[in-house]
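Asker: Residue numbers (full-length UniProt numbering): 1 to 176. C-beta atoms are modelled at their ideal positions from N, C-alpha and C, and glycine is treated no differently. All of these numbers come straight from a predicted model, not from anything done at the bench. Take a look at the following structure, please.
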């Protein structure tokens, strides 16, 4: 899983904009570079290092990073990933228990009457366990949805902005 802050790299020097202490600039096409990196690049080429479009001017940018927001989002992403893994594990456990339950039911029909009570007892335990797993799956689903809501809230996206998320992700990809 990549950090949000680590995706903000100058593709020329591969240094993070946030931690470099260097000025950040943008070409006309919108790609970001350190000022000294793009100035050095410009000596040999007037084309953007990423998209190869011609550019005549460079615009200096002043970037502000909210570390708390980024750390909060990263923490929620990790938490969401962990909940999703647990949800998948519980689903797999549910399938295994369901198979065992079905096998026990088959054995019940083939068993002698003395063993039926014992098997019924095991069947009841299996049902209780399956119900617990099912409840845990539902709870994890709710937790996963809550984590997704928190991520969206911390990301600062309004409902209308969520529609723009694919374009914003593409811009982030273009920047990095």
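Compare the Cα-Cα distances from residue 85 to each of 150, 105, 141 and 23 and report the closest residue.
Answerer: Per the Cα distances, 141.
Asker: Ignoring anything shorter than 3 residues or poking outside the region 13-82, list the beta strand (DSSP E) runs there in chain order.
Answerer: For the region 13-82, whole beta strand (DSSP E) runs of length 3 or above, ordered along the chain, are 24-26, 32-34 and 59-61.
Asker: Residue 24: buried (16+ other C-beta within 10 angstroms of its C-beta) or exposed?
Answerer: Buried is the call here.
Asker: Would you grab the beta carbon distance between residue 79 and residue 147 for me? Rounded to a whole angstrom, and I think it's under 8 Å.
Answerer: About 6 Å separates the two Cβ atoms, so the contact holds.
Asker: Would you kindly work out how many angstroms separate the C-alpha atoms of residue 17 and residue 52, rounded to a whole number?
Answerer: Distance between the alpha carbons of residue 17 and residue 52: 21 Å.
Asker: Excluding the 5 residues flanking residue 48 on each side, which residues of the same chain have their C-beta closer than 7 Å to its C-beta?
Answerer: Only 27, 29, 31 and 55 meet the Cβ criterion.
Asker: Could you give the distance in angstroms between the alpha-carbon of residue 4 and the alpha-carbon of residue 120?
Answerer: Because the pLDDT of residue 4 is 42, which lies under 50, any placement of that residue in the model is unreliable, and the question is left without a value.
Asker: When we look at the beta-carbon of residue 118 and count the other beta-carbons within 10 Å, is it buried (16 or more) or exposed?
Answerer: That one is exposed.
Asker: Please report how far the alpha carbon of residue 189 lies from the alpha carbon of residue 123, in whole angstroms.
Answerer: Shown here, the chain extends from 1 to 176; a query on residue 189 therefore has no answer.
Asker: One question on the structure: do residue 154 and residue 73 come within less than 8 Å of each other, judged by their Cβ atoms?
Answerer: Their beta carbons are under 8 Å apart, which means residue 154 touches residue 73 by this criterion.
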